[in-house]
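Asks: Okay, handing you the structure first.
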Amino acid sequence: MKTFYLKLLTIIALLLGIYLSTNRYYQYMRSKNFEILNERQSVIIQLPNAEYIEIISRNDQVTDYKETTEKPFNVITNIQKNSSLENSIMRTDLFYEYIENRENKRETIITPIDSKNIDVGITSTTAYKYKEGLKYVIQLDYTNKTEFRDTEEPGVIYFEDKGCKVEIYDPNLDYSTTGNRQTLQLKRDYSPSVEYNIKLTITCKE
Amino acid sequence: MFDTISLTTNIGMLGYFIFSLFTDGLQSFANNYIFIGYLIFTTLTLPNLLSRVIFKSRLFGLISALSFLYFPIQFLLQVVITNLTGLSLSEILPFGVVFNLILWNVLFLLFVIGDNKSRNESEATLAEILSGILPAIIYLLFTFILIRQRDSVVALDYLQHITVPNKMFNNGILCLLPGQCSNLFLQHGYTTFYHIILGNLSTFIGTDPIKSFYVLDIVFPLVASIPIYLKLKDITKSTIWAQLGVLLALLTFVMGGYDFVFFLPQTLALYFLILILQEKELKLPQRIFATLLLLPTHFIVGPLFAGYLWFRFLIVKNLSNNKEKTILLLLLALSVLFFCLANISGFSIEKLLQNDALKEVGSATNPYYPNNISAYIQNLGAGWILVFLAYISVLIQKKKKEEDLAFLSFITFGIIFYFLAPTYAHKFGIGLAFFATVLIIKYLWTLGFKPMMKSILFGLLISIWGLNYFVQYNRYLKFYTQEDGTASAIVQEDKALIEYLRENRLSDTFIISDPYTQLVVAALGNIDTVNAQYMPKETRKNFLIYLEDPNPETYEKLLTSPGIPGGKDITILYSSRIHRSIELDDEAWIYNIYSLPINNSYSINEVGENLIKDQKRLNKDLIYISDNFILFK
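Spelled out as structure tokens, the structure:
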């Protein structure tokens, strides 16, 4: 009787195993609507329409939009990216960037979820004197001129260009765009530690 | 019949080599895949024949593992000969390799003929060996058709390790630890036991190292498949189950452990352990000899394996009743849970006690929760479900077998050390491929499936393991995948440099370049560099500062940086990797010793005037090697 149940469990385990393995294989093989380039001093999300979205730490700002505007990562004293060691010890498809400018620290973790969705997590720790109306701002730069539009869905804005639609979901959305129609600025009330958890959904025509 | 097949194949090989000698000359052997494969196979199996024919012991067992000591003993004899005759090691060592080839053939003949005279054991043994190799051939077809590219080298470790036999051969240096021969080893992780064997496989006879590494990745799993098969056959008494086990063990890609994928000091230690485990029971002196063999092979993995043997002997073997065995099994499960939770809550040896090592590296050497759990699970993928079922099955058995407890203990030790997270804890995944597979095969075999169900089961198992292996291996190859799609540590543009260094020997100088180029120079050009890929962070920074602002002051600072030898001539090798870093402001490589840009295609259109001027001040002229390399000599 015991053997019967073990046999049954084994068959269930194998069927589950084949489902999980096939799923993992398809996830690996499926062509993605984006490619992430994690080199130099930015993270680039390359789209199939030959344009890209760039997130550069150097463009981060701490500003009150009046008299104070500081760039906490204008100078870099330490930068860490995915290394060959990480490549051989953890295969999680995670893209990592850690930047330091003395006491200012910024960590970016980009996790592709599937062929369309990417999670972008940015945590910035800086030391500025608090002021009324002071904001921390990060920039998402797109290489082409475009229109950033609101949707009915709260926290979501999007843009469309050359057959690709990029939806940006930020649960604490507070944004502005610049006059060059290429830059989206995501804001937070300033605090010594600012966190962004953004989701990008990229849909491109075949 | 198998005697005849083996003898005929060997004679055919020898005939082919003689034919090649006359048609293409001796030099052609350096690039001949068949010769390289034959050399590697005979070298790795020579200890087995020594064990059987000379020591009258098992072909695969403790004595065959100990017979690997033949290589260091032979090397020491050759050193004595050089001291007596005044000849150099580079003149003597090739004869040692040729002698080994002849010795292998003589021993093989004696094995077949000698056995024929007595009980014709060789016939049965060779049949068993071929049965074991068969699934390995399927594995090789899968790997080398679907995953690996021709002549690809996909472990930087090979480039690092080859510098040791290179130094032994070219500079006649005898060293006990690799760090005494080469400055690429910042920590002592092993003796040169492995490196002497590696030298016999390539450097000492002058075969092309790139081709040798590639063929080694084919032959090593082939050789390792035999003891895996024999162990499984011993347990299951079934050829087909044992063959399935070999295939599954080989189709397990353990990230960081690499069990049977690459031939490294740690995988050599694992191979020894599997040979040792062929013995039904190890007596105390045998256990001591096994320990003495494992420890110098790898200073971390060796003690783990030796500790496992002693644990079996002192604990598992002394559990007299089922209750005690159940307690051990529960303790194992509890340990996994405890150390896993401790890790999740932030405990890690490297973070608590090894801060200096981390500063040297520039970052943590282990992944952390949840990535570490995900990475460990991916090693076996869905196979973990079967390990869990096997554990449950052993737990509920009325008569628990000592061997099952031992296999589960090994897997548990690996997990515990992994979650304790000392530096490079991923190495403790080693052995998972073998122990988990043996456990699973034994569990499935005991269930006694009917033939129809068995064939479905086999299909499912091979699919699960094959898919997981394919994804794991390809993800591992990500670092080695270059801009043009080539997946190899050897970059096309670097070949011009290798060629130049072979034709123009640069003696009495240290080359300083970017870390990746330094590794290529040290491994394939046999020229000293500033710790190659492990160039210290401070030196990387000072080097970059000098290149961006060359003047006597920045040069002086560079000369006094860690790893730069005082009083030696320093030659700057300006590469596309450096040029790109300067031009595009890509400086991650100076902050982490594992940050190594592999691509070298960014053409050097112009080198700074100031650099040329400052190098002129030091009487160094610019030598244009290619679009990607400029040497200041």
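Those protein sequence lines, which keep their order, are chains Z and D. First residue of the first sequence: 23, per the numbering used here; consecutive thereafter. First residue of the second sequence: 738, per the numbering used here; consecutive thereafter. All C-beta atoms in this analysis are idealised placements derived from N, C-alpha and C, irrespective of residue type, glycine included.
1) Just to confirm before moving on: does the CB-CB distance between V1208 (chain D) and I1235 (chain D) stay below 8 Å?
2) Do the region 64-72 of chain Z and the region 166-185 of chain Z meet, that is, are 3 or more Cβ pairs less than 8 Å apart?
3) So is L116 (chain Z) in contact with chain D if we call contact Cβ pairs under 8 Å?
4) Would K29 (chain Z) count as contacting chain D if we go by Cβ distances under 8 Å?
5) At least one CB of chain D closer than 8 Å to the CB of S110 (chain Z): is that the case?
6) I'd like to know whether the C-beta atoms of G1303 (chain D) and M1272 (chain D) end up nearer to each other than 8 Å.
7) Is V1038 (chain D) close to chain Z, meaning its C-beta is less than 8 Å from at least one C-beta of that chain?
8) Is the CB of G185 (chain Z) under 8 Å away from at least one CB in chain D?
9) From D:D888, D:F805, D:L1198, pick the residue whose C-alpha is nearest to that of N768 (chain D); which is it?
10) Are G1099 (chain D) and Y1328 (chain D) touching if we call contact CB-CB under 8 Å?
11) Which whole runs of the beta strand (DSSP E) in the region 1054-1123 of chain D are 3 residues long or more, in chain order?
12) Given this structure, state the Cα-to-Cα distance separating N104 (chain Z) from T973 (chain D), to the nearest angstrom.
13) Throw me the rounded Cβ distance for the G143 (chain Z) and N219 (chain Z) pair, which I believe falls under 8 Å.
14) Between which two residues does the beta strand (DSSP E) carrying E189 (chain Z) extend?
15) Determine the DSSP secondary structure at T1308 (chain D), reduced to helix, strand or coil.
16) Pick from Z:V159, Z:E169, Z:L195: whose alpha carbon is nearest that of V178 (chain Z)?
17) Here's the rule: buried if 16 or more other CB atoms are within 10 angstroms of the residue's CB, otherwise exposed. What is T760 (chain D)?
18) According to DSSP, is Y876 (chain D) part of a helix, a strand, or is it coil?
19) When the distance is taken between beta carbons, is P193 (chain Z) closer than 8 Å to T147 (chain Z)?
20) Quick one: measure Cβ to Cβ for T900 (chain D) and L913 (chain D), integer angstroms, because I've assumed they're closer than 8 Å.
21) For T1160 (chain D), decide whether its Cβ has a neighbour in chain Z, counting only Cβ atoms nearer than 8 Å.
22) Find out if the Cβ-Cβ distance for the pair L871 (chain D), Q1003 (chain D) is shorter than 8 Å.
23) Using a Cβ cut-off of 7 Å, pull out every chain Z residue sitting near D1231 (chain D), in sequence order please.
24) Which residue marks the beginning of the beta strand (DSSP E) containing C226 (chain Z), and which one marks its end?
25) Mind the definition here: the region 1060-1067 of chain D touches the region 1140-1150 of chain D only if three or more C-beta pairs lie below 8 Å; say whether that holds.
26) Decide yes or no for the touch test of the region 1290-1297 of chain D against the region 929-941 of chain D: beta carbon pairs closer than 8 Å, at least 3 of them.
27) Return the bridge partner residues of A1224 (chain D) from the DSSP annotation.
28) According to the neighbour-count rule (16 or more other Cβ atoms, all chains shown, within 10 Å of its Cβ), is M905 (chain D) buried or exposed?
29) Which value, in whole angstroms, describes the spacing of the CA atoms of S174 (chain Z) and E189 (chain Z)?
30) With a cut-off of 8 Å, does the C-beta of G1083 (chain D) fall near any C-beta of chain Z?
31) Can you list, in chain order, the residues of its chain with a C-beta nearer than 6 Å to that of S1363 (chain D)? Leave out the 5 residues immediately preceding and following it.
32) Does DSSP classify L59 (chain Z) as helix, strand or coil?
33) Does S137 (chain Z) come within less than 8 Å of chain D when only Cβ atoms are used?
34) Run through chain D and tell me which residues come within less than 9 Å of E61 (chain Z), C-beta to C-beta.
35) Apart from the five residues on each side of it in sequence, which residues of its chain come closer than 6 Å, Cβ to Cβ, to N1365 (chain D)?
36) In whole angstroms, what is the alpha-carbon distance linking N1241 (chain D) and A1269 (chain D)?
Replies: Reading it off the structure:
1) no
2) yes
3) yes
4) yes
5) yes
6) no
7) no
8) no
9) D:D888
10) yes
11) none
12) 44 Å
13) 5 Å
14) 186-191
15) strand
16) Z:L195
17) exposed
18) helix
19) no
20) Wrong, their Cβ atoms sit about 16 Å apart, outside the cutoff.
21) no
22) no
23) Here the premise fails: no neighbours, minimum Cβ distance about 16 Å.
24) 215-226
25) yes
26) no
27) D:T1218
28) buried
29) Residue identity differs from the one stated: residue 174 (chain Z) is Glu in this sequence, not Ser. So the alpha carbons of these two residues sit roughly 12 Å apart.
30) no
31) A1233
32) strand
33) no
34) L1321, D1323, A1325, P1334
35) E1230, S1313, N1337
36) 20 Å
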